[in-house]
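In short: position in the sequence shown from 1, add 19, done, that's the numbering used here. We treat Cβ as the ideally placed atom computed from N, Cα and C, and that holds for glycine. All values reported here derive from a predicted model rather than from experimental measurement.
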Amino acid sequence: MKNDIIVQWLGGWAGEANFASAAFRLFLALFFASVLGFERASKRHSAGLRTFILITLTSAAAAFMDSVINENNADFIPLLSAASVFCAIAISVKSVLFSAKNQIKGLTTSAGLIASAFFGLCIGVGFYTLALMIFAVLLIVLAWFPKIEIYLKNRSNHFEIHLELADKGSLQNFVTTIRKLGMRIDDIEINNAYAGSGLSVYSITLTIISAELKKYKTHREIIEALSTLEYVRHIEEMN
C-alpha cells in the first residue's frame with residue numbers, strides 16, 4: 020500500500036507486488052511470528068514457535084497472492100483466498116482449545132494465533148505500519164499483562180480449583196475444612212474424565228467470606244495450606 024508510512028520510508032518497491040516486496044513481507048512475517056512464538060514456547064504453552072510462524076507466513080502469503088491476482092484480474096474478489104485461509108486457521112484453533120479432557124485450555128494462545136493470522140494478512144497486503152502496531156500490542160498483552168492479571172486474581176474473593184481427593188468420602192471433610200477457614204463453596208462439579216483412576220476429582224468454585232482471610236492470604240497461600248491435608252492428592256487453581 021503506497022500510503023503506508025513504512026512504504027513511503029522504504030520506497031515504492033515495498034508497496035508493489037514484486038519479488039523484493041514478497042521476500043520483505045515474508046521476512047517480516049517470520050520475524051514477528053518468531054518473537055511471539057518464542058514468548059509462548061518459553062512459557063510452555065500449547066502452541067509455540069513453529070505454530071505461530073506457520074500461521075503468520077500462510078496468512079501473509081495468501082494475502083500477497085490475492086494482491087498479485089487482483090492486479091492482473093479486475094473480476095477477482097480481493098482477499099478471497101486470504102479470507103479462506105483465515106477461516107481455516109480459526110477452525111484449527113479448536114484443537115488448541117480442547118487439548119485436555121473436558122477442559123478448555125490455551126484460550127489466550129488461541130486468541131494470539133488468530134491475532135497473528137490477522138497481522139500476517141496486514142503484512143501480506145502491505146499494511147506494514149498497522150501490522151507493526153498489532154504486533155507491539157499483542158506482544159505487550161502476552162508478555163506483560165499476565166503479571167497484572169495474576170495480581171488482580173490474587174486479590175479477588177472468587178476463584179476455582181482443580182481438586183484430587185484420595186476417595187469420595189474425603190469430600191465431606193474437605194467441605195468442612197473450607198467452611199472453618201472462612202470460605203463458601205459456590206459450586207462442585209465432579210470430573211468424570213478421571214473415572215477408574217482411583218481418585219475423586221472435582222472442579223470447585225470458592226468465595227472468600229472471612230475478612231481476615233481476604234486481607235492476609237492470597238489464592239496461592241490458601242491452596243498451599245489446603246495441599247497439606249492428608250486426603251488431598253493434588254490441588255491447583257484453574258485459569
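- Item | Contact the segment 38-52 vs the segment 71-78: 3+ CB pairs below 8 angstroms | Yes, they touch.
- Specify the secondary structure class of R174 as computed by DSSP and reduced to three states. Taking the first residue of the sequence shown as 1, we reach residue 174 at position 155. Collapsing the DSSP output to three states places R174 in coil.
- Task: Report the three-state DSSP secondary structure of N221 (helix, strand or coil).
- Result: Translated into positions along the sequence shown, residue 221 becomes position 202. Here residue 221 is Tyr; the residue named in the question, Asn, does not match the sequence. It is a strand residue.
- In whole angstroms, what is the alpha-carbon distance linking A162 and T148? For this step, residue 162 is matched to residue 143 along the sequence shown. For this step, residue 148 is matched to residue 129 along the sequence shown. So the two alpha carbons sit approximately 21 angstroms from each other.
- Query: Looking only at DSSP bridge pairs, what is T77 linked to?
  - Reply: To locate residue 77, count along the sequence shown from 1; it is residue 58. Beta-bridge pairing links T77 to no other residue.
- Query: Under three-state DSSP, which class holds M257?
  - Reply: Stepping through the sequence shown from its first residue, residue 257 is reached at position 238. DSSP places M257 in the coil class of the three-state scheme, outside both helix and strand.
- Examine the Cβ distances between the segment 154-172 and the segment 192-204 and report whether three or more of them are shorter than 8 angstroms. The answer is no - the segment 192-204 does not touch the segment 154-172, with fewer than three Cβ pairs under 8 angstroms.
- Item | Stretch-stretch touch, CB-based, cutoff 8 angstroms, three pairs: the segment 207-217 with the segment 239-254 | At 8 angstroms Cβ cutoff, the stretches do not touch.
- Grab me the residues of A134's own chain with a C-beta within less than 8 angstroms of its C-beta, minus the 5 sequence neighbours each way, in chain order. For the purposes of this step, residue 134 is taken as residue 115 along the sequence shown, with counting starting at 1. Apart from the 5 residues on each side of it in sequence, A134 sits with its Cβ closer than 8 angstroms to the Cβ of I153 and L157 in its chain, given in chain order.
- Item | Exposure of I228, with buried meaning 16 or more beta-carbon neighbours within 10 Å | In the sequence shown, counting from the first residue as 1, residue 228 sits at position 209. Counting the other CB atoms within 10 Å of its CB gives I228 a total below 16, which places it among the exposed residues.
- Report, in whole angstroms, the separation of the C-beta atoms of H238 and K172, which I expect to be a contact under 8 angstroms. Working through the sequence shown from its first residue, we reach residue 238 at position 219. Working through the sequence shown from its first residue, we reach residue 172 at position 153. Going by Cβ atoms, the distance from H238 to K172 rounds to 7 angstroms, so yes, they are a contact pair.
- Query: At which residues does the beta strand (DSSP E) containing E208 begin and terminate?
  - Reply: For this step, residue 208 is matched to residue 189 along the sequence shown. Segment M202 to I209, the beta strand (DSSP E) holding E208.
- Item | Member of T196, A185, H177 and A230 whose CA lies at the smallest distance from the CA of D206 | Start at 1 with the first residue of the sequence shown, and residue 206 comes out as number 187. Comparing Cα-Cα distances from D206 to each of T196, A185, H177 and A230, the minimum goes to H177.
- Item | Same chain only: Cβ atoms within 7 angstroms of M257, ignoring 5 sequence neighbours per side | As a first step, residue 257 must be located in the sequence shown, where it is residue number 238. Result list for M257: E179, I180, H181 and S222, in chain order.
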